Each structure stands twice: as structure tokens, then as C-alpha cells.
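Remarks on the structure that follows.
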Amino acid sequence: MEINALEFDRMAREVFAPVYPVLAEQIINRTGISQGCSLDIGCGGGYLGLALARISELETILFDESQDMLNLAQGYISQSGLESRAKTLLGDVHAMSLADESINLVVSRGSMFFWENRVQAFREIYRVLAIGGAAMIGGGFGNAELLREIEIKMLKKDPEWKEKRQQRIGQSKVEEYRQELEQAGISSFEITRDEAGLWITISKTA
23 MEINALEFDR MAREVFAPVY PVLAEQIINR TGISQGCSLD IGCGGGYLGL
73 ALARISELET ILFDESQDML NLAQGYISQS GLESRAKTLL GDVHAMSLAD
123 ESINLVVSRG SMFFWENRVQ AFREIYRVLA IGGAAMIGGG FGNAELLREI
173 EIKMLKKDPE WKEKRQQRIG QSKVEEYRQE LEQAGISSFE ITRDEAGLWI
223 TISKTA
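Have a look at this one:
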């Protein structure tokens, strides 16, 4: 997927910025993971991964297929003073250059809708998850209030934004994602959907 890195980043900063700290807190509360290594897939400017690092002891890998996005993310790592706990990694979610069971927490907001083969991507995510680890993958806005604020801004930019959002995280997609996870050989997962978003939580036990 080719993107305009600067435009994408501007949107993240100007429209979606309030979402990331809220999501980070929700992810840690839901998974109970605040130590070890985290992986933010399709990280863009690294906003979610860095939000997690700020409120935890996690070491963070910001992972993206775009070197332009990672260049921006590296700048935000420096601005955040998190050079000792955060780094960038260029790669493809379908074939990640990471060791088996090396990641305690995998997160990804908004990127799975663009993966060419979600079944293979889910397999890779499960492969790199450590025993006792968890992944939260999906698309969300933190809470209904934030969604309404973002919706007002986005509808001005794109009148079809609401319909596009429903195509990605609407109720009709739940069964599709469930089937893909099962095809990937993953049995320990939960799909939750509410007004503020849709999330797949994967856990890996011994």
C-alpha cells in the first residue's frame, strides 16, 4: 500500500492524536501486559506504540512497510526521549524478521484492513507472540465521545468516511475476521465490537 507519509502523519496528529493515549491505557488494562517487548504493526508515526511506552516499562518496536513513515517515527522517538526503549523496524507483516515467541504484546490500529493476506498476517503475529503474550488488532477511537469528535472532522474531509468505517469495523465484518483467525490456526481469540471500534484480542498460552 503506497501512502503519502506526510499527509498520513498530518492526519494522525491533527485528527486522531487524542485517541492513542486512551487506546494505550485500554490495551494495558485489557491485556495486563506492561513489561517486556511490544510491537506496533503498521505503526505510521508510531503514536500508539509510543503512547504504550510512556505509561509502561515496555520496550517498543515500531514496525511499518514504509521507510518514510519510519523516518517520521524515529523523529518522534527522539522527541519523546524514548531512544533507550523504542526503535523502528522496516518489514512486511506477512513475513516479519522477528524470532519466534519474541514479543509480549502486539498492537495494530487501522492497518489490518490493508493487509493483502490477513490469514498469513495473523499466523505471523501468533508466531512471534511469546507464551503468555497477547495481541490487540483492529480499529477504534477509544470511546464514543472521541469518535463523535473525529467523525465531525473526517466527514468534512470525506463525506463517505462513515460508510468506509462501517465497511471495515461494522458488525458484518465480525464473522469474516473470525473465519480468518480460525484459518490461521488460532483458537484463543475474542472479537469485541462497540460504537467506538472493533478489536481482535489474541492470547497465547503454553
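If you count the sequence shown from 1, you need to add 22 to reach our numbering.
C-beta atoms are modelled at their ideal positions from N, C-alpha and C, and glycine is treated no differently.
Computed from a predicted model, the values in this text were never measured in an experiment.
*If you draw a straight line from the C-alpha of M23 to the C-alpha of W137, how long is it?*
Because the pLDDT of M23 is 44, which lies under 50, any placement of that residue in the model is unreliable, and the number read from its coordinates should be weighed accordingly. The straight-line gap from Cα to Cα measures roughly 9 Å.
*Just reading off the alpha helix (DSSP H) that M91 is part of, what are its end residues?*
89–102
_Contact belief for S225 with S210 at Cβ below 8 Å, rounded distance in angstroms_ = 5 Å
_Minimum length 4: unbroken alpha helix (DSSP H) runs contained in the region 42–87_ = 69–76
*From the DSSP output, which residues share a beta bridge with M158?*
V129, T223
*Based on the DSSP output, what are the partners of R190 in its beta bridges?*
DSSP lists no partner for R190.
*Assuming R107 contacts E87 (C-beta within less than 8 Å), just tell me the rounded distance between them.*
With 8 Å as the limit, R107 and E87 do not qualify as a contact, their Cβ atoms being about 23 Å apart.
*For R215, which three-state DSSP category applies?*
strand
*What residues match up with L111 in a beta bridge as DSSP calls it?*
F85
*In whole angstroms, what is the alpha-carbon distance linking G160 and S133?*
8 Å
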